[in-house]
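2 protein chains.
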Amino acid sequence: MTDWKNPPKLFIPGPVHVLPEVLEQFARPTLGHRGKEYSQLHGETVEMLKKIIFTEQSVFLSTSSASGVWEGSIRNCVAMDETVLCTMCGAFSDKYADVARSCGRKAEELKVEWGQAITADMIDAKLSAGNYAAVTMVYNETSTGLANPVYEISKMLKEEHPDVLVFVDAVSAMVGLPLHFDELGWDVVFASVQKAFALPPGLAVFAVSDRAMEKSKSVPDRGYYFDFLQFAKAAAKNQTPTTPAIPHIMALNYQCARLLEEGMENVWARHKKMAEFVREWAKKNFDLFAPEEYASDTLTAVKNTRGINVAEVINAIQQKHNTIFGNGYGKLKEQTFRIAHMGDITVDDLKELLAWIDEEIA
Amino acid sequence: MTDWKNPPKLFIPGPVHVLPEVLEQFARPTLGHRGKEYSQLHGETVEMLKKIIFTEQSVFLSTSSASGVWEGSIRNCVAMDETVLCTMCGAFSDKYADVARSCGRKAEELKVEWGQAITADMIDAKLSAGNYAAVTMVYNETSTGLANPVYEISKMLKEEHPDVLVFVDAVSAMVGLPLHFDELGWDVVFASVQKAFALPPGLAVFAVSDRAMEKSKSVPDRGYYFDFLQFAKAAAKNQTPTTPAIPHIMALNYQCARLLEEGMENVWARHKKMAEFVREWAKKNFDLFAPEEYASDTLTAVKNTRGINVAEVINAIQQKHNTIFGNGYGKLKEQTFRIAHMGDITVDDLKELLAWIDEEIA
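Sequences listed follow chains G and E, in order.
324 is the number of the first residue of the first sequence in the numbering used here; add one for each residue after it.
324 is the number of the first residue of the second sequence in the numbering used here; add one for each residue after it.
Listed below in C-alpha cells is the structure:
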C-alpha cells in the first residue's frame, strides 16, 4: 500500500537517499530572511560552496529546481536576437533547447544519439560555422548515465571560441565529479541539492562568471524571479532577492561543512569507487548503456541486455525491502535501468541493493 | 552574538514562528517526485488546499517564493501587447507593477499613499476609462498592515468588468483572512507558506481559474519555470512540472489537515481575535498606521506616535528574550513597527511580547 510517510530508500538518480542527521537540519527553528542570522547562514554557506566548485566569482542560491536556472541563464545572458548552440545527448540536455525557445531565443541543435557523448570536435565544428552567443552543455546526463568530456571541451572553447559564453547543467555532476569553475572558464553552472549534495529537493545552487554578469546588464526583459542582477545586489548583503528556502540552506550548510572536511579530491574519489563497483556488477550481469570511457561516476545506466522486466524487479524490491532504484528515463524505460551512487550512498548500501537485484533476476 | 542556530522567536510579519511539531515534518524521509508516494502526498495536499481557499478550479504548488507567481501571472495571462492595471498601496503591491514591466508588459498604475486602501470605485473609474486585460491587487499589504476591501472590489469587478482578469497577491492573507476563490471570481491567487500557513519559507501555493488557464494557451513566450500549462499537465498526474520542495509539501500537508480540522471560519475568527487584542494595545499606547476599518487581521502596523527608537527596542527584546518583532518596511522604518499575529502565534504569545515592549517603552 502506498504510504508517503513510509517511503522507500532511494537509489533512483535523484532525489537520493538522505541521512537522518541531515534530515534533522531541516527541523531547525526558522529565520527572518532580512535579519543578521540569515546573512550569517547565507555567507557561511556561499563561502563553502565557492571552495566546493573552486571559484572566486559569484555563487547564488535559488529557491527553485535547477531547471529554473536553465531559464535564468538564457534570459540573462542571451539577447533576443542572439543564437545559442544547445548540445543535446539525452533528456535533460534536450530540454535545455526547449527552454531557450520557450524564452523566445533562437536555439541551434547539436544532437547525438542518447547514450553518446558530445565531444570538443563536434562543438568546435558547429561554433566555427556559425555565430553563437552561448553554448549549453550537460555535464552528466542523468537520463543516460553519461558524463561528457567537459574538461577537454572547455579547453577547446577557451582556445578557439573565447567569446562564446558557456552554460553548464551540472545537476547530477556537482560534488560528485570534478568541477573547477574558474579554471574551466564557464559562465553559468548550476545544480539541484537532491543529487550529490544529498538533500531533499527544493533548492538550486548556481555560479555566474563576472563576464556573464556584465553581459546581463545589456540584456533587457530578463524577467523578475531569475534576474541575475537582483541576485548580485542581494548577495552583497548575504541575502537572496526573494524569500529563500531557509530549511534547505541550513541543511546545505551542514553538508558543505562535511564535504570540505572530507576534501573534494576525496569526495570525487569516493564517487569513482562506488561507480567502479556498480559498473563491474553491471558488466558482469548486463552491459553499460554509455561507452565506458564516458560512464558517469554518479549514476550507472545499465543496458538491459537480458530483457528483464525492470518495473517488476523494482516493484518486487520495493515490496520486500522498501527500496527502489530507477527505471530507464523516458524512451529508455525497460531498455535500461539506473542506479544512483552519489551523495551519502555507500558501497555497503550498493552491495545490499545489488544482492537484492541478483536475487530477483537469478 | 549572532548565531543562526539559536535564532530569535519571530513576530515579524513573515517568516513567522513555527511550532516544533511542524518543524519535525520537514525531517521526514524524502520521496522520488515521479513516484506514487509523491503523487499521494501531492494529491492529498492539493485537495485540502482547495477546501481552504474554497475552489474547485486548479491549485498548484510552486517551488519558489510567491513573487515567482507575480511573474507567472503576468507571463501566462497577459499578452505582450496588452496592458495590466496595477493597484498600488504599499511596497508589495508597488513591486507587482515592476514585475509586469520586467516581463516586458505595459503596466498602468493606480496608486494611493502607503497606508491607504484601494477601493472598488477607484478601480471602476480606471477600468472604465481604459482597455485592460487584467488588474493586480494585494489582498493584505504586509508593508502597511492594511487589508484591501477585496470582497467589495470583486463584486464590482464581476458586475462591471467581467472580462478583466483578476490577479491577487494573498501572501499575508491566505488562511488568515476569508478567501473564497471561486465565489470572488478571481483568476490567479497566490501565497507563500511562511505567513499564515506557519511554515518556514521555500514554497508558494497558487490557484488559477479555468478561464485564465484557457487564456494562457493563447499567450506565447510564457517562459519555462512558471508556465501554467506545464503545471496543469503535471497536476493531472498529481505531480509538479519540475522537482518540488518535498519537505515543505510534507509540512504543508500537516498544516492543512490541522486547518481543516479547526474549520476555516474558526481559523479566521482566531486571527481576528488576535488582531483585536494587538489593535487595542496599539491604540492605547500609540496609534494604528492604517485606517481601522482596513486594519489587517494578520499583522498590525503600529504608528510610532511616541517617537520611540524602534530598532533599539527590537534589539533590547532580542537581547533579553531572544524574540523579535518587525520594524517598519522600507520608507516606513522607525515611523511604524509591525507585529505579526498569524499562523500558530497565540494570544498568550502576544501578551508576553507586548508586555516586553511595554517594559522597554515605559
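A virtual CB, placed ideally from N, CA and C, is assigned to each residue, including glycine.
Being a predicted model, the structure only gives us computed values, none of them experimental.
| Using a C-beta cutoff of 8 Å, does alanine 350 of chain E count as contacting chain G? | Taking the first residue of the second sequence as position 1, residue 350 of chain E is located at position 27. Yes, contact with chain G.
| message | For a contact defined as C-beta to C-beta under 7 Å, what are the partners of serine 273 of chain G on chain E? | response | Chain G is shown only over 324 to 685; residue 273 of chain G falls outside these bounds and no answer can be derived.
| message | In the DSSP assignment, the beta strand (DSSP E) including serine 385 of chain E goes from what residue to what residue? | response | Residue 385 of chain E sits at position 62 when you count from the first residue of the second sequence. Its beta strand (DSSP E) spans residues 381-385.
| request: Tell whether a beta-carbon distance below 8 Å holds between alanine 568 of chain G and alanine 574 of chain E. | output: Taking the first residue of the first sequence as 1, we reach residue 568 of chain G at position 245. Taking the first residue of the second sequence as 1, we reach residue 574 of chain E at position 251. Remark: C-beta atoms of alanine 568 of chain G and alanine 574 of chain E do not approach each other more closely than 8 Å.
| request: Could you please give me the residues that DSSP links to alanine 527 of chain G through a beta bridge? | output: On the first sequence, residue 527 of chain G is found 204 positions in, with the first residue counted as 1. DSSP lists G:Ser385, G:Ser515 as partners of alanine 527 of chain G.
| message | Using 8 Å as the cut-off, can you tell me whether the segment 452-464 of chain G makes contact with the segment 472-481 of chain G, which would need three or more C-beta pairs spanning the two stretches below that distance? | response | yes
| For glycine 438 of chain G, which of G:Lys429, G:Ile680, G:Gly651, G:Arg545 has the nearest alpha-carbon? | Counted from its first residue, the first sequence places residue 438 of chain G at position 115. When each option's Cα is compared against that of glycine 438 of chain G, the closest is G:Gly651.
| task | Taking glutamate 683 of chain E as the reference, give the member of E:Gly653, E:Ala634, E:Asp672, E:Met665 with the closest Cα. | result | Here residue 683 of chain E refers to the residue found at position 360 when the second sequence is read from its first residue. Cα-wise, what sits closest to glutamate 683 of chain E is E:Ala634.
| query | Comparing the C-beta of threonine 406 of chain G with each C-beta of chain E, is any distance below 8 Å? | reply | The residue given as residue 406 of chain G occupies position 83 in the first sequence. Taking Cβ atoms only, chain E never reaches closer than 8 Å to threonine 406 of chain G, which makes this a no.
| field | Beta carbon proximity, tyrosine 361 of chain E to chain G, threshold 8 Å | value | Walking along the second sequence from the start, residue 361 of chain E turns up at place 38. It does: the Cβ of tyrosine 361 of chain E has a partner Cβ on chain G nearer than 8 Å.
| query | Where DSSP assigns a beta bridge to alanine 663 of chain E, which residues make up the other side? | reply | Within the second sequence, residue 663 of chain E is the residue found at index 340, counting from 1. Answer is E:Leu622, bridged to alanine 663 of chain E.
| field | Inter-stretch contact at 8 Å, needing at least 3 Cβ pairs: the segment 417-427 of chain G / the segment 537-547 of chain E | value | yes
| request: Work out the CA separation of tyrosine 462 of chain G and leucine 408 of chain G for me, nearest whole Å. | output: Working through the first sequence from its first residue, we reach residue 408 of chain G at position 85. Working through the first sequence from its first residue, we reach residue 462 of chain G at position 139. Roughly 15 Å between the two C-alpha positions.
| field | Residue of E:Val670, E:Leu676, E:Asn608 minimising C-alpha distance to glutamine 641 of chain E | value | Locating residue 641 of chain E in the second sequence gives position 318, where the first residue counts as 1. The option with the nearest alpha carbon to glutamine 641 of chain E is E:Leu676.
| request: Could you spell out where the alpha helix (DSSP H) holding valine 636 of chain E opens and where it closes? | output: Walking along the second sequence from the start, residue 636 of chain E turns up at place 313. Looking at the DSSP string, the run of the alpha helix (DSSP H) that includes valine 636 of chain E is 633-644.
| task | Check the Cβ-Cβ distances between valine 369 of chain E and every residue of chain G, and say whether any is below 8 Å. | result | For the purposes of this step, residue 369 of chain E is taken as the residue at position 46 of the second sequence. Not one chain G Cβ lies under 8 Å of valine 369 of chain E.
| message | Quick check on DSSP: helix, strand or coil for glutamate 431 of chain E? | response | Looking up residue 431 of chain E in the second sequence gives position 108. Correct three-state label for glutamate 431 of chain E: strand.
| said: Do valine 498 of chain G and phenylalanine 520 of chain G have their beta-carbon atoms positioned less than 8 Å apart in this structure? | reply: Position 197 of the first sequence, counting from 1, holds the residue named residue 520 of chain G. Position 175 of the first sequence, counting from 1, holds the residue named residue 498 of chain G. Taking 8 Å as the Cβ cut-off, phenylalanine 520 of chain G and valine 498 of chain G qualify as a contacting pair.
| task | Return helix, strand or coil for threonine 410 of chain E, following the three-state DSSP convention. | result | If you number the second sequence from 1, residue 410 of chain E lands on position 87. DSSP places threonine 410 of chain E in strand when its eight states are reduced to three.
| Quick one: what does DSSP say methionine 460 of chain E is sitting in, helix, strand or coil? | Here residue 460 of chain E corresponds to residue number 137 of the second sequence, with the count starting at 1. Methionine 460 of chain E: strand per DSSP, three-state reduction.
| query | For the alpha helix (DSSP H) that contains leucine 372 of chain E, what are its first and last residues? | reply | Stepping through the second sequence from its first residue, residue 372 of chain E is reached at position 49. Counting along the chain, the alpha helix (DSSP H) containing leucine 372 of chain E begins and ends at 359-375.
| said: Please report whether the beta-carbon of histidine 594 of chain G lies at a distance below 8 Å from any beta-carbon of chain E. | reply: The sequence position of residue 594 of chain G within the first sequence is 271, counting from 1. Not a single C-beta of chain E is nearer than 8 Å to the C-beta of histidine 594 of chain G.
| field | Neighbour flag for serine 416 of chain G against chain E, beta carbons, 8 Å | value | Walking along the first sequence from the start, residue 416 of chain G turns up at place 93. No, serine 416 of chain G lies away from the interface with chain E (no Cβ there is under 8 Å from its Cβ).
| said: Check whether the segment 550-560 of chain E and the segment 377-389 of chain E are in contact - that is, three or more C-beta pairs closer than 8 Å. | reply: yes
| request: Mind listing the chain G neighbours of serine 387 of chain E? Cutoff is C-beta to C-beta under 7 Å, in chain order. | output: Counting from one through the second sequence, the residue named residue 387 of chain E turns up at place 64. Simply Thr386, Ser387, Tyr548.
| request: Note down, one range per segment and in chain order, each beta strand (DSSP E) of at least 3 residues found wholly within the segment 454-499 of chain G. | output: 457-461, 488-492
| said: Here's a check: name, in chain order, each residue in its chain whose Cβ is nearer than 6 Å to the Cβ of isoleucine 662 of chain G, leaving out the five neighbours to either side. | reply: Taking the first sequence and counting its residues from 1, the one referred to as residue 662 of chain G is at position 339. Only residues of its own chain outside the window of five on either side were considered, and among them Phe334, Val601, Thr623, Phe648 have a CB closer than 6 Å to the CB of isoleucine 662 of chain G, listed in chain order.
| query | How would you list, in chain order, the residues of chain G whose beta-carbon sits under 7 Å from the beta-carbon of lysine 560 of chain E? | reply | The count along the second sequence starts at 1 and reaches residue 560 of chain E at position 237. The premise fails here: lysine 560 of chain E is roughly 14 Å from chain G at the closest Cβ pair, so nothing lies under 7 Å.
| field | Length at least 4, wholly inside the segment 536-609 of chain G: the alpha helix (DSSP H) runs in chain order | value | Those alpha helix (DSSP H) runs which fall completely within the segment 536-609 of chain G and span 4+ residues are 551-558, 569-585, 587-608.
| message | To be precise: take each residue of the segment 421-453 of chain G, compare its Cβ to all Cβ atoms of chain E, and keep it if any distance is under 8 Å. Which residues remain? | response | Asp421, Val422, Ser425, Cys426, Gly427
| query | Relative to the alpha-carbon of lysine 534 of chain G, which residue among G:Ala514, G:Leu522, G:Asp505, G:Val516 has its alpha-carbon at the smallest distance? | reply | In the first sequence, counting from the first residue as 1, residue 534 of chain G sits at position 211. Inspection of the sequence shows that residue 534 of chain G is occupied by arginine rather than by lysine. That would be G:Asp505, whose Cα lies nearest to the Cα of arginine 534 of chain G.
| query | Which term fits alanine 592 of chain G, buried or exposed, when burial requires 16 or more other beta carbons within 10 angstroms of its beta carbon? | reply | For the purposes of this step, residue 592 of chain G is taken as the residue at position 269 of the first sequence. Alanine 592 of chain G comes out exposed.
| Three-state class that DSSP yields for leucine 673 of chain G in the structure shown | Along the first sequence, one-based indexing puts residue 673 of chain G at 350. Leucine 673 of chain G: helix per DSSP, three-state reduction.
| Taking C-alpha atoms, which residue in G:Gly337, G:Ala350, G:Lys328 lies nearest to asparagine 329 of chain E? | Locating residue 329 of chain E in the second sequence gives position 6, counting from the first residue. Selected option, being the one with the closest Cα: G:Ala350.
| message | Can you find the residues in the same chain that come closer than 6 Å, C-beta to C-beta, to aspartate 447 of chain G, ignoring five residues on each side of it along the sequence? | response | In the first sequence, the residue the question calls residue 447 of chain G occupies position 124. Taken in chain order, the residues that qualify are Met479, Glu483.
| said: Rounding to the nearest angstrom, what Cα-Cα distance links lysine 359 of chain G and serine 388 of chain E in this structure? | reply: One-based indexing of the first sequence puts residue 359 of chain G at position 36. One-based indexing of the second sequence puts residue 388 of chain E at position 65. In a straight line, the C-alpha of lysine 359 of chain G is about 20 Å away from that of serine 388 of chain E.
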